[in-house]
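J.: Per my numbering, the sequence shown starts with residue 119, numbered consecutively.
All residues carry an ideal CB built from backbone N, CA and C; glycine is no exception.
My structure is below; once you've seen it, I'll send some questions.
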Amino acid sequence: MDLAKLAADLRGYEGVIRKNGIGSVAREMGLADVYGDDAAIVKLDGKTLLFACDSINEGLIEADPYFAGYSAVLVNVNDIAAMGGKPVALVNVLSSKDETVAQMIARGVGDAARKFAVPVVGGHFNPNSSCNGVAVSILGEAGRGDIIKGSNAEPGDVIIATIDLDGITHPRYELAWDSTSSKSAETVQRNLGLLRILAKQKLVKSCRDISSPGLIGTLGMLLEASGVGGTVDLEKIPCPKGVAMSHWLKVYPGYGFIFTAEKSRAQGVIKMFQEQNISASVIGLVDDTKKLILSYQGDEEVVFDFNRQSITGVR
């Protein structure tokens, strides 16, 4: 494996590059100080609420409008889960230039909402648009003090990846690993509930769901937000048979999360997922270098050097 080539490829990956503008728009909105989490934390009348939103890549909408609608719910549910929360309700914005496509997207939103037990309580429909699009905003709740932030990694923590490998590459969109649509509502809800257990029992320090930047890009965002670095052993990363690692590191899995935790808690965390037939393993170690380094069979290569560069432009 050519580590230098892989590192350069991951740095230039579109899913990473599209995060570069976050800092500039965040500063305009006064949001730079809250960067680092998959959802916003809102405290109201003694309750801890979580609020998140996501839109879906145009390429997925063009490839499969139904799955795009389904994924709009999935990615938001994962954002709430990543912080140790439970999804409560969602609203959506659907734009379309084609009535048939709009119906397919809407059907995907509805089916996913029922599967993940998150009611659609409202939204906005923009017909006769110049493009097809869907975005979802979701409300979640968490126990008081039971929040897993995406910026609490510390030197000495182990890095844990958990990914449901029981899935398939989407036939018309190769960057999507579908591991939820064929499973029962009971199974997907139970699997997401594992993160609430981690939060309640304080078993992990930080978490992000693996999203459009891929596994390494997502980990990079977590490390950057935490002001730390880390090394990842590529041979330790859970990966489906027959899928090249260079491709897998860019994929958006239907169920995939990155954690950091104290070494003494790692096996307990891993066991919790493995008992539900979800792959999990320690893939690396957090350090104070402010660099994300790939390791493979004794060789190492820097992917991101946060002393000199930023994924999001926030820090």
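Using the C-alpha atoms, what's the distance from E217 back to N138?
T.: 34 Å
J.: Report the three-state DSSP secondary structure of E419 (helix, strand or coil).
T.: strand
J.: Skipping 5 residues on each side, what residues in its chain have a beta carbon closer than 8 Å to that of I388?
T.: Close CB contacts of I388 within its chain, under the 8 Å cut and outside five residues either way in sequence, are with I278, T280, A398, S399, V400 (chain order).
J.: State the DSSP-derived secondary structure class of T336, mapped to helix, strand or coil.
T.: helix
J.: Distance, Cα to Cα, V227 vs E418?
T.: 42 Å
J.: With distances taken Cα to Cα, identify the nearest neighbour of P356 among N395, V322, S382.
T.: N395
J.: Can you have a look at C249 and say buried or exposed, based on whether 16 or more other CB atoms are within 10 angstroms of its CB?
T.: exposed
J.: Quick one: measure Cβ to Cβ for I328 and I376, integer angstroms, because I've assumed they're closer than 8 Å.
T.: 6 Å
J.: Quick check on this structure: which residue in V420, N425, V404, G431 has the alpha carbon closest to the alpha carbon of L128?
T.: When each option's Cα is compared against that of L128, the closest is V420.
J.: With 16 as the cutoff for other CB atoms within 10 Å, does I334 come out buried or exposed?
T.: buried
J.: For Y291, tell me which candidate among D405, F169, L178 has the shortest Cα-Cα distance.
T.: Closest option to Y291, Cα to Cα, is L178.
J.: Could you round the C-beta distance between S330 and Y370 to whole angstroms and report it? I think they count as a contact, below 8 Å.
T.: So it is a contact: roughly 6 Å between Cβ atoms.
J.: Are K354 and A303 close, meaning C-beta to C-beta below 8 Å?
T.: no
J.: Just to confirm before moving on: does the CB-CB distance between V322 and L337 stay below 8 Å?
T.: no
J.: Bridge partners of R290, per DSSP?
T.: Answer is none; R290 lacks a bridge partner.
J.: Is the stretch 203-214 close to the stretch 253-260, with three or more CB pairs under 8 Å?
T.: yes
J.: Should D521 and A170 be called a contact, given that it needs their Cβ atoms to be closer than 8 Å?
T.: What is shown of the chain runs 119 to 433, which leaves residue 521 out entirely.
J.: Based on DSSP bridge pairs, tell me the residues matched to F377.
T.: Per DSSP, I278, C325.
J.: Using the Cβ count rule (16 or more neighbours within 10 Å means buried), how would you classify M222?
T.: buried
J.: Could you check whether L412 and L340 sit closer than 8 Å to each other, using their CB atoms as the reference points?
T.: no
J.: Using a Cβ cut-off of 8 Å (strictly closer), state whether Y184 contacts chain C.
T.: The structure shown contains no chain C; it is built from a single protein chain.
J.: Would you mind reading off the limits of the beta strand (DSSP E) that contains K161?
T.: Taken as a continuous stretch (DSSP letters only), the beta strand (DSSP E) holding K161 covers 158-162.
J.: Excluding five sequence neighbours on each side, which residues of the same chain lie with their C-beta closer than 6 Å to the C-beta of A199?
T.: These residues qualify, in order along the chain: L310, L313.
J.: Near N244, which residues of its chain fall below 6 Å by C-beta distance, leaving aside the five closest residues on each side in sequence?
T.: S213
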